[in-house]
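Report on the structure given below.
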Amino acid sequence: MQHQPPGGSNSQPPPNPPDSTDQGLEGEMSITEAFKALLTIQKNTAVQFQAAQFQAERAQARAEEQRRLDAKRLAAVEEQRRLDNKRFMEQRRIDAERIASIDEQRRLDNSRFDKQRRIDTEKLSLLEEITKNSVNRPEQSQISATQADGRIDLTRFRTSDGPQFKGPFQAVEPFLTWMQGVKIFFSTRNVSHSDNKRLILGALISETNLLSYYANVSASYEGKTWDEFRSCLFKFCLPEDWRTELRQTIQHLEMSNSESFMEFSGRARTLQSLVNFEKDSISNFDLAEFVMFGLPNTLKSKVKDFQLLAAQNFSYTEFESRTNGFYATLPRPRPSTGRGPTTLASNTSNQLDPEAYLWRLFSYLDSVGKCHFCKKHCGNLAGACPGPQERRIFIPPSFVGPTETGELRRPPAWKNAQGPSISSAGKATGRPAGVAAASVEAPALDEAGISAVAMIEGHMEAEALNYGDDPLSFIEHDREDSEPLDTEDTPVTAETLSLADVQMADTSQSGYHEGLLEFLDNPSAAEGDAYAPLPL
Numbered sequence: 074m075q076h077q078p079p080g081g082s083n084s085q086p087p088p089n090p091p092d093s094t095d096q097g098l099e100g101e102m103s104i105t106e107a108f109k110a111l112l113t114i115q116k117n118t119a120v121q122f123q124a125a126q127f128q129a130e131r132a133q134a135r136a137e138e139q140r141r142l143d144a145k146r147l148a149a150v151e152e153q154r155r156l157d158n159k160r161f162m163e164q165r166r167i168d169a170e171r172i173a174s175i176d177e178q179r180r181l182d183n184s185r186f187d188k189q190r191r192i193d194t195e196k197l198s199l200l201e202e203i204t205k206n207s208v209n210r211p212e213q214s215q216i217s218a219t220q221a222d223g224r225i226d227l228t229r230f231r232t233s234d235g236p237q238f239k240g241p242f243q244a245v246e247p248f249l250t251w252m253q254g255v256k257i258f259f260s261t262r263n264v265s266h267s268d269n270k271r272l273i274l275g276a277l278i279s280e281t282n283l284l285s286y287y288a289n290v291s292a293s294y295e296g297k298t299w300d301e302f303r304s305c306l307f308k309f310c311l312p313e314d315w316r317t318e319l320r321q322t323i324q325h326l327e328m329s330n331s332e333s334f335m336e337f338s339g340r341a342r343t344l345q346s347l348v349n350f351e352k353d354s355i356s357n358f359d360l361a362e363f364v365m366f367g368l369p370n371t372l373k374s375k376v377k378d379f380q381l382l383a384a385q386n387f388s389y390t391e392f393e394s395r396t397n398g399f400y401a402t403l404p405r406p407r408p409s410t411g412r413g414p415t416t417l418a419s420n421t422s423n424q425l426d427p428e429a430y431l432w433r434l435f436s437y438l439d440s441v442g443k444c445h446f447c448k449k450h451c452g453n454l455a456g457a458c459p460g461p462q463e464r465r466i467f468i469p470p471s472f473v474g475p476t477e478t479g480e481l482r483r484p485p486a487w488k489n490a491q492g493p494s495i496s497s498a499g500k501a502t503g504r505p506a507g508v509a510a511a512s513v514e515a516p517a518l519d520e521a522g523i524s525a526v527a528m529i530e531g532h533m534e535a536e537a538l539n540y541g542d543d544p545l546s547f548i549e550h551d552r553e554d555s556e557p558l559d560t561e562d563t564p565v566t567a568e569t570l571s572l573a574d575v576q577m578a579d580t581s582q583s584g585y586h587e588g589l590l591e592f593l594d595n596p597s598a599a600e601g602d603a604y605a606p607l608p609l
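Quick note, the sequence shown lines up with residues 74 to 609 if you use my numbering.
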C-alpha cells in the first residue's frame, strides 16, 4: 500500500528533488504502511479464520445432523428388522398351529374312518345274520304289517305307487285298464282283505264323478265282499252293454296301411283282455278269426292258404308269429318319385278291378301294335309268339282305352314301331282293336295314321315326364327300380293300380281269375283263331 501526501493524488510534485528530511519521512511512512498492511493482513487472516471456523462449525453441524439422521435411519431399519423378525416368528407360529391343526384333522378323519368302518362291519355282520335268520322264518315287517285277520296297517301303507284313475267318465277302456292295474297292485302289495281294498281304492281315484260316488257308497259296503263293491263301481262307471260294444269293436277291426301286423294284433289282444275281464268271453281262436277278417286281402289269402286256423292244437302265439312272417315278406308299395310336373300325377283315386285292368292293358298293347305275350313288335300272330314272355309293360297315364264291349280281339303284332306290315296283296290290315282315344265321330285312321298318333302321344308323354331325348333309358331305369330286391315276383293287385300312375304290372302275379292267369301265361293254348274273344 502506498501512502499518498496530503496534497492529494492530483497535486504536482515539487520541482526540486526531495531532501533527506523528506526521504526519512518517506521511509517512516513505508513502515507505517507496512504495519497497516500487516494489520490488514492479520485482520483478513482473522476474518478468513473466522470464516473457516464458521464453515467448520457449519460442516460440523451438518455432520452432526447427518449423523443424527443416520442414527435415526439406522434405528428405523433396526425397528423394521425387529418387526420383520416378529412377523416371521408370528407366521411361523401360525404355520406351526396350522400344521398341528391339519395333523389333528387327519387324526380325527382316520379315527372317524376307522369308526365308520367298524360300524359298517357291524352292519354287514348284522345283515348277514338277518339274512341267515330270514331263510327259516318269515319277515318281521310282513308279520307286523299284516294282522291275524288278513288286514294291513293302513297308516304304513303307501298308496302313491298305485295306478290313478283320471277318467274320462263312462269310458270303457280307461276304466277297465285301471281296474286291471288295481288288481295287479293289490296282488303285489299282498292286500287281500275286502275292507282294505275298498279303503285303498279311494286313494287311487282322481276323477270327480267316481270320487263323489265312492264317497257316498263306500261306507255302506263295510264288511261286504270286494266283488260286491267292484260290481257296484262297474254298474256306475260302465254302460250296461259294455262287453257287447267291445266285442263289436273286435269283430270290426281292420288293419290300416300305417300299422304293422304286430301293432294290429296287439290292439286286438288288448281289447280281448278288456272283454275277458273276470270272465272269458272271447277265446284265442275267436280272436284269431276276427284278426284274420280285418287283414288285407293279400295277407288274408296267405292265412287261408296255409290253413293257420285249422291247426288241431291252436295257439294264438304261433298264429301271430306265422302271420307276421307272411306280413314281413309282402312287398312294400314303392314311393312315387316326382320326376316332372305333377299335373299327370295322382289326383284321382280310381282303383281298377282285374277285368278292367286287363282290358286297359291289352287295349294299350293293341294300340301300339305290341304282342300280348312278349310285349314287343315281334310280328307274330296272337297266340303264336314263341317268347320269351315279358310280364311288365309301361302304360302312359294319359292313355284312355276304348269302352268295354264284352270281348277283345287280338290282331297280329307289328314288326316295328312304324305300324303294321303291308300284306302281299297290297291290302292294308284292319285297325287294331282298342285305339287310344278313338271316337265314332272321327274318321277311321289307317295304319300309318295310328302309328303317327301313337308316336306323337309317346313323345308328348315323354316330354311331360321330363324323360329328355332318350325316354327308353328312363323307362328301363324305372323298370329296374320297380323290381323287388328279393328273387320273388312282386304281386300287383287291383288295389295298387290307378289310371293316374305309371303302371309297371306283373300280370302273372295279380290276384285275378284263374282263366285270365292261364291265358297270360300261355296265350297259345287259347281256343279259337287269332281273333278269338279273350276269356273274362
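No residue lacks a Cβ here, since even glycine has one placed at the ideal position from N, Cα and C.
Beta-carbon separation (whole angstroms), residue i vs residue j, contact threshold 8 angstroms
i	j	result
TYR430	PHE472	Rounded, the Cβ-Cβ distance is 12 angstroms, inconsistent with contact.
ILE323	PHE363	5 angstroms
Residues near residue i in its chain [Cβ-Cβ closer than 7 angstroms; skip 5 each side]
i	result
ARG405	none
PHE309	TYR286
GLN215	Note that GLN215 scores a pLDDT of 46, beneath 50, so its modelled location is shaky; the value from the coordinates is reported in the next line. So the list is empty, once near-sequence residues are dropped.
ALA510	The pLDDT assigned to ALA510 is 45, lower than 50, so where the model puts this residue is not dependable; a value taken from the coordinates is nonetheless given after this. VAL473, listed in sequence order.
ARG191	none
GLY254	PRO236
GLU246	LEU347
Closest Cα partner of residue i within the set the options
i	options	result
MET252	ARG433, VAL348 and ASP187	VAL348
THR228	LEU181, THR402 and ILE273	ILE273
GLU530	PRO475, GLN189, SER440 and TRP432	SER440
PHE358	LEU382, LEU368, PHE108 and ALA136	LEU382
ASP378	ARG395, TYR389 and GLY367	ARG395
GLY367	LYS196, MET328 and PHE127	MET328
ARG224	GLU195, GLY235, ASN263 and GLY240	ASN263
GLU313	ALA244, ALA119, ASP157 and ALA169	ALA244
ARG433	ILE466, LEU403, LEU111 and GLN462	ILE466
PRO475	ARG141, PHE108, ILE172 and PHE435	PHE435
VAL376	GLU351, LYS352 and LEU403	LEU403
SER356	PHE387, GLN380 and SER331	PHE387
PRO369	GLN380, LEU326 and TYR389	LEU326
MET365	LYS352, ARG165, TYR389 and GLU351	TYR389
Test item: CB-CB of residue i and residue j under 9 angstroms
i	j	result
ALA384	GLU393	no
LEU372	TYR400	yes
LEU306	LEU283	yes
SER333	ASN397	yes
GLU428	LYS449	no
Same chain, Cβ closer than 8 angstroms to residue i, neighbours up to 5 away in sequence not counted
i	result
ALA288	GLY275
THR646	A question about residue 646 goes unanswered here, because the residues of the chain that appear run from 74 up to 609.
SER354	ARG316, ARG320 and VAL348
ARG271	SER291, TYR294, GLU295, TRP299 and PHE302
6 angstroms Cβ shell around residue i - same chain, five flanking residues per side excluded
i	result
CYS458	CYS444, PHE446, CYS447 and CYS451
GLN627	No information on residue 627 is available, as it lies outside the stretch 74 to 609 that the chain covers here.
LEU199	none
ALA527	VAL441
If you pair each beta-carbon of the stretch 327-347 with each one of the stretch 235-253, do three or more pairs fall below 8 angstroms?
yes
Report yes or no: do three or more beta-carbon pairs, one from the stretch 265-276 and one from the stretch 297-308, lie closer than 8 angstroms?
yes
May I ask you to verify whether the stretch 332-341 touches the stretch 231-248, counting CB pairs closer than 8 angstroms and requiring at least 3?
no
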